[in-house]
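Below is one structure, written out as C-alpha cells; comments come after it.
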Amino acid sequence: MIVVAVPAVILAAASLAAFGGALIWWLDVIANFRAQFVVVLVVLGLVLMVAKWRRTGLGVFAAAAVNLAVVLPLYIGSPADESIDQPTLTVMSFNLLSTNKSYSEVIEFIRSTNPDVVLLHEASRPWEVAVDAAALDHQMIRARSDELIFGTLVLVRGEDVTAVSHGFATANPRAVEIRFVPDEWDSEVLLLGTHPVAPTDQERAGLRDAQLEFAGNWASRQNGFFVVAGDFNATPWSSPFRHLLDAADMRNSQSGFGLQPTFSAQANPLLRVPIDHLLHSGALEVVRRELGPALGSDHFPLLVTLQPTSSP
Numbered sequence: 003m004i005v006v007a008v009p010a011v012i013l014a015a016a017s018l019a020a021f022g023g024a025l026i027w028w029l030d031v032i033a034n035f036r037a038q039f040v041v042v043l044v045v046l047g048l049v050l051m052v053a054k055w056r057r058t059g060l061g062v063f064a065a066a067a068v069n070l071a072v073v074l075p076l077y078i079g080s081p082a083d084e085s086i087d088q089p090t091l092t093v094m095s096f097n098l099l100s101t102n103k104s105y106s107e108v109i110e111f112i113r114s115t116n117p118d119v120v121l122l123h124e125a126s127r128p129w130e131v132a133v134d135a136a137a138l139d140h141q142m143i144r145a146r147s148d149e150l151i152f153g154t155l156v157l158v159r160g161e162d163v164t165a166v167s168h169g170f171a172t173a174n175p176r177a178v179e180i181r182f183v184p185d186e187w188d189s190e191v192l193l194l195g196t197h198p199v200a201p202t203d204q205e206r207a208g209l210r211d212a213q214l215e216f217a218g219n220w221a222s223r224q225n226g227f228f229v230v231a232g233d234f235n236a237t238p239w240s241s242p243f244r245h246l247l248d249a250a251d252m253r254n255s256q257s258g259f260g261l262q263p264t265f266s267a268q269a270n271p272l273l274r275v276p277i278d279h280l281l282h283s284g285a286l287e288v289v290r291r292e293l294g295p296a297l298g299s300d301h302f303p304l305l306v307t308l309q310p311t312s313s314p
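Here this note's numbering is used: the first residue of the sequence shown is 3, the next is one more, and so on.
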C-alpha cells in the first residue's frame, strides 16, 4: 500500500503548497488544477481507508476538503431571471488558436448565437479578411498593430463606439478597451478585452501577472457598467486572478455555473481547466453563461449574457 500512500501524500502536499503561488510561479500553475486534486485525492483517500491506512487516508481527505472549499463557490448561486423590462448584452470571448482555419464555422457560429460583442483572440490577417468579408452587422475593430501577426479582433454592435488598443506585443498589456452604448441601452458600457501570455516559465508568468494587474487597475478606475473578458491564462484559483477580481470588487460570471472548463478542447475532459473568463461590475448580473463547440480551436468559446442589476 506504500505505492499508493507515497503519491497520495506528495499530491496532497503539492495541492496545499500551491496556495503559495504568489511567491513561486510554478506553484501558481499547479493551483490551476484544484478540481483535479479533489477527485484524485478523494479516490486515493478511499483506497487508503479501505486498506486500513486510516491516518494517512484522513490526511489525504483533509487536503481534498481544502481544495474542494475553493472549488465549491463556483457552484453556489444561480442565474438572474431575465427581465423583459431590462436590456441584455451578450459577450463572446474565443481564443481562435493561431493555426485555426475554420473561418466559415466560426462566422456561422457568430451569426447563429448573435452576440453583441465578440472578442476573437489570436486573430491574424486572414481572420480579419474573412470576418470583414462576412459582412456581419458589427463594427470590426483590429487591436493588433501592423508589425504583429496576432492580436484580438473585436466585433461590436451599438452606438458611439470608441476603442483604444493597449498593445498586443508580448510585453504590452495585451488588452483593448471598448466604450459603446449597446442597442436598446440608455447607458454606456465599458469593456476590456484581454489576452495575457501563457505562464510557461518564470519570465512569462511575471508578464502574465503584470498584464492581469493592468486589467485590475483599469477596472478599479471604472464605474457603472463595465466588463473584463478574455483568455486570462489563469483559473479562478490562480493568485493573479484573485487579485484582479478584488481590484474593483468585480463579480465572476462563473459563479453558480460550475467549472465550465474552456481549455484544452483537444485534451481529455478530465484534464480541462477554466481559463477563459468574464468578470463584471456589481451594476450587472448574469442571465446566461455557456460554452460553444471548439470550432477548430483548443479553446471553447465563452458566451455570457448580462443585464443591469435588478436590485441594489
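We treat Cβ as the ideally placed atom computed from N, Cα and C, and that holds for glycine.
Of all alpha-carbon atoms in Arg113, Val62 and Leu155, the one lying nearest the alpha-carbon of isoleucine 180 is that of Leu155. 8 Å or more divides the Cβ of histidine 279 from the Cβ of methionine 252. Considered as a whole, the stretch 87-165 harbours 105-115 and 127-136 as its complete alpha helix (DSSP H) runs of no fewer than 4 residues, in chain order. With a 10 Å radius around the Cβ and a threshold of 16 neighbouring Cβ atoms, isoleucine 112 comes out buried. Secondary structure note for phenylalanine 39: its alpha helix (DSSP H) is the uninterrupted segment 36-52. Two segments are said to touch when three or more pairs of C-beta atoms, one from each, lie closer than 8 Å; by this definition the stretch 93-110 does not touch the stretch 39-53. Counting along the chain, the unbroken beta strand (DSSP E) around aspartate 233 starts and ends at 228-233. By the CB criterion at 8 Å, valine 306 and serine 257 fall outside the cutoff.
The bridge partners DSSP lists for glycine 195 are Val178 and Ala231. Distances from the CA of threonine 101 to each of Arg127, Phe216 and Ala200 were compared; the closest alpha carbon is that of Arg127. If you draw a straight line from the Cα of alanine 173 to the Cα of threonine 202, it is about 15 Å long.
Exclusion of the five residues before and after glutamate 186 leaves Pro89 as the residues of its chain whose Cβ lies within less than 8 Å of its Cβ. Membership of histidine 245 in the alpha helix (DSSP H) is indicated by the continuous run 241-249. In the displayed model, glutamine 309 falls within a strand according to three-state DSSP. Within the same chain, and ignoring the five residues on either side of alanine 20 in sequence, the residues whose Cβ sits closer than 6 Å to its Cβ are Leu29, Ile32 and Ala33. Per DSSP, arginine 291 is one residue of the beta strand (DSSP E) stretching across 286-293. Here asparagine 270 carries a coil assignment [DSSP, helix/strand/coil]. When only Cα atoms are considered, proline 9 and phenylalanine 243 end up about 29 Å apart.
For leucine 304, the beta-bridge partners assigned by DSSP are Ser95 and Leu293.
In the three-state reduction of the DSSP assignment, phenylalanine 170 falls in the coil class, being assigned neither a helical nor a strand state. In this structure, the beta-carbon distance from histidine 197 to histidine 123 falls below 8 Å. One Cα belongs to phenylalanine 302, the other to tryptophan 220, and the distance between them is close to 26 Å. Under the three-state reduction of DSSP, asparagine 254 is assigned to strand.
By the Cβ test, the stretch 75-83 is not in contact with the stretch 52-67, since fewer than three Cβ pairs between them sit closer than 8 Å.
By the neighbour-count definition (other C-beta atoms within 10 Å, threshold 16), glycine 208 is an exposed residue. Taking C-beta atoms as the reference points, valine 199 and phenylalanine 35 fail to come closer than 8 Å.
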